[in-house]
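In the UniProt record's numbering, the protein residues as written are 1 to 937. For glycine and all other residues, C-beta sits at the position ideal for the given N, C-alpha and C. A short worksheet on the structure shown next.
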């Protein structure tokens, strides 16, 4: 009977779906284990063979845990809001919901073909109203919360209002906007409703503010930093400028220290932890205020080296700094405005990365040194970012390389760091005064002493204070897009009002255009049905807006990371209509035990998700404040591109071995046109793209040989391999095994389809163990010692490999085991049953089929994982080489517990020994038990 992978895999995929084999229960006596993948965005391109890598690894582990007796939750869904679907809608006029649904069907079909053990009954889609109802609900919870620094957690805003009503805000210790004005309880009560709402917005965990954002005019939306590459949008390559807009923001900065501390308690890759640590950027130093000469204004600076303040010779502001337009002199205005305009075209990421370019403009204004009163020129420079720190730096050329280069370039003063005044007499009486003439003051041993003393003087004089600062900025939460979660917000008297929970979800309206309106409003501004009636509690026509009972709704939508910041909790209770997750479900599952996904999400999804988890924990809605105990970053499967060489300025293409004879340009062509010998199908190429139809080809030995380049698998490079094609030709089990066999999970590795034949051959060998010719045949007899040894060393190795996520070495172990059992002519049922259970997490379809043929009625996923027994690996005998005068003549297997005398007696009586001696008496018999036997003479 032949191994027919197509028939077998279709059969068992249908069985799993019909019987809901992998459906998890929220009520089980078994221990729980929650395995999760970062859910995919369903693009029109579908999956290529690189995408399933992490899914296969997580599926192996989920199946293994089921064999080990766990109640396993292994769900899947779709991150289905996003810019690509909206851009496709703009180009084609097709509603994003339609294209998203089409793409999801493609993805689901591909995922099912690979045989994943997902619990599809818990599928979530972030674009479904039933799901984003709860994303809107979480937004409202954030709006109705503030961060109490005294309790170090988020609390309901009602507790803040109570404080205001009883004692004002003087003693309130909260994370807030800058420049909060103090008021008494009496003043609070006398404020108008609007004034009170404006004050509360300065405390809420989600709030409206004017924010510098990355604005992409061509896409008509704000972009996150990770959506910009080399100063242009990642999607479409459009220019991006910095622009100030009123946006919703999330006060993630309130959680900066807790986000840092939480990294110590989770098993995540250290490089990823380091990325988050650096992104949060905790630093200790001082806030210093420099008065601006001739203006009623001051410049706030945060510095980690307040002890270098006497080396300040100029200041640099970010071009976007609020003070720039106010303090710039008329003589410098033209140059400053031109520089600000040019800077707006560069992304923050580009400005941070550019360490070579030195540029800036003098504002014409001066600050006053707070200690010496000396004038300090104020410049602007694009190396200073408005979103980092205060958007201003005190430049110390003799202590900082970039400041030095800037000063050198523009001919600015570079003073000695010790120039200044002796203020030791004004310092405290602990003899920690600043004696700037003494260089020992600033050496490494006295750094902390110097910091403490300078900060003491700043605080005493009233122009500075010690502070811990974080690089982490509050997250902009508004997007000028259509295809995203609508905010549950309407505006009354210009102030945001939350729609009551019972009226959620607020669903996306239909619009004719997905572009911004002609007057620059977001796409939702195109809707004629986008107003909120407080009488009917429903969305109504815009022409009913009267600002008394009908009000305008928010036109922005939420960013892509909104839905992905809590989806792992929804999987625990995905069909619950009354709660985002029930207490019973979340108390049972608690958190993700194993999360697999890409490290590229370190400062996006993974940081925001930790933030939301901690917030929901603070509000008593979740039992733990970290959502994933263990995280693994899978590597990437790379494509092997095919390259043809065009002679420059011609339509002539030369084969690989001839290219060095010409000046050539490299073009990538479809890898489907290349055979296993790197030979190009010329006729296929001519039909592939018009530019090749009339091309001339110079061959070598009658063939065109392409160059090969290992790089990211991408449609752009025509090196994408479709998993559907692999499943058709070799089967899903072969695909799963091969992806694991390519190398360690965390590493990058190249794909080469020709290599898959090896694992396909292995599966056919496995199949043959159970068959004799065309017949299925296994024996019920007792297993041999060799059978048991092979099985148990395989159990030991595979279990160790899975626990250590070393899936590639397991595949090698399976191959060795099958080869050994074939040589042993083993078809013992007891041995082969256990072997199938070992293989089934990796190759579930063939395992299910053979398991069924062995007479089992239940899925193999219900079988217990084999238990390793060390006794089968303990050697009871030794195959001794028997030597005569140092030359081995034959071997003899003897028990290891034989004494030296017994070994010698047995060997000397053996017929082969007698043949070698031919009646002679040996001079000596050397026996080392367990090692050698040598007969001399």
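Contacts around residue i, its chain only, beta-carbon distance under 8 Å, and the 5 residues preceding and following it disregarded
{"i": "residue 638", "result": "50, 710, 711, 712, 713, 748, 749, 750, 751"}
{"i": "residue 938", "result": "Lying outside 1 to 937, the shown extent of the chain, residue 938 is not represented and no answer is given."}
{"i": "residue 19", "result": "859"}
{"i": "residue 530", "result": "509, 524, 539, 542, 552, 553, 555"}
{"i": "residue 781", "result": "828"}
{"i": "residue 883", "result": "889, 932, 933, 934, 935"}
{"i": "residue 208", "result": "201, 246, 247, 248, 249, 496"}
Contact check, residue i vs residue j, beta carbons under 8 Å
{"i": "residue 135", "j": "residue 609", "result": "no"}
{"i": "residue 704", "j": "residue 667", "result": "no"}
{"i": "residue 774", "j": "residue 1", "result": "yes"}
{"i": "residue 794", "j": "residue 813", "result": "yes"}
{"i": "residue 406", "j": "residue 310", "result": "no"}
{"i": "residue 253", "j": "residue 301", "result": "no"}
{"i": "residue 471", "j": "residue 388", "result": "yes"}
{"i": "residue 315", "j": "residue 396", "result": "no"}
{"i": "residue 706", "j": "residue 644", "result": "yes"}
{"i": "residue 240", "j": "residue 223", "result": "yes"}
{"i": "residue 737", "j": "residue 727", "result": "no"}
In DSSP terms, what residue i is bridged to
{"i": "residue 771", "result": "776"}
{"i": "residue 664", "result": "647"}
{"i": "residue 553", "result": "490"}
{"i": "residue 641", "result": "709"}
{"i": "residue 210", "result": "246"}
Simplified DSSP state of residue i, which is helix, strand or coil
{"i": "residue 89", "result": "helix"}
{"i": "residue 568", "result": "helix"}
{"i": "residue 273", "result": "helix"}
{"i": "residue 758", "result": "helix"}
{"i": "residue 888", "result": "strand"}
{"i": "residue 314", "result": "strand"}
{"i": "residue 630", "result": "strand"}
{"i": "residue 559", "result": "coil"}
{"i": "residue 898", "result": "coil"}
{"i": "residue 155", "result": "strand"}
{"i": "residue 837", "result": "helix"}
{"i": "residue 284", "result": "strand"}
{"i": "residue 443", "result": "Low confidence applies to residue 443: its pLDDT is 40, below 50, so where it sits in the model is not reliable, and the reading given next is rough at best. In this structure, residue 443 counts as coil in the three-state DSSP scheme."}
{"i": "residue 819", "result": "helix"}
{"i": "residue 873", "result": "helix"}
{"i": "residue 937", "result": "coil"}
Between the CA atoms of residue j and residue i - distance to the nearest angstrom
{"i": "residue 634", "j": "residue 840", "result": "22 Å"}
{"i": "residue 898", "j": "residue 929", "result": "8 Å"}
{"i": "residue 297", "j": "residue 528", "result": "46 Å"}
{"i": "residue 94", "j": "residue 88", "result": "8 Å"}
{"i": "residue 333", "j": "residue 205", "result": "38 Å"}
{"i": "residue 519", "j": "residue 127", "result": "28 Å"}
{"i": "residue 546", "j": "residue 483", "result": "28 Å"}
{"i": "residue 58", "j": "residue 38", "result": "11 Å"}
{"i": "residue 653", "j": "residue 722", "result": "28 Å"}
{"i": "residue 32", "j": "residue 245", "result": "47 Å"}
{"i": "residue 327", "j": "residue 299", "result": "11 Å"}
{"i": "residue 586", "j": "residue 75", "result": "15 Å"}
{"i": "residue 73", "j": "residue 27", "result": "12 Å"}
{"i": "residue 121", "j": "residue 183", "result": "54 Å"}
{"i": "residue 66", "j": "residue 756", "result": "28 Å"}
Close-in-space but distant-in-sequence residues of the same chain around residue i (CB under 6 Å, 5 per side omitted)
{"i": "residue 676", "result": "754"}
{"i": "residue 428", "result": "Caution applies to residue 428, whose pLDDT of 38 falls short of 50 and renders its modelled position unreliable; the model cannot decide the point."}
{"i": "residue 847", "result": "836, 839, 840, 860"}
{"i": "residue 164", "result": "188"}
{"i": "residue 924", "result": "936"}
Cβ shell of residue i (< 7 Å), same chain only, five flanking positions each side left out
{"i": "residue 776", "result": "1, 770, 853"}
{"i": "residue 581", "result": "569, 570, 572, 573"}
{"i": "residue 876", "result": "895, 896"}
{"i": "residue 685", "result": "669, 673, 692"}
{"i": "residue 53", "result": "634, 637, 739"}
{"i": "residue 515", "result": "90, 220, 523"}
Below-8 Å beta-carbon distance, residue i vs any chain C residue
{"i": "residue 670", "result": "In the displayed structure, chain C is absent; only one protein chain is listed."}
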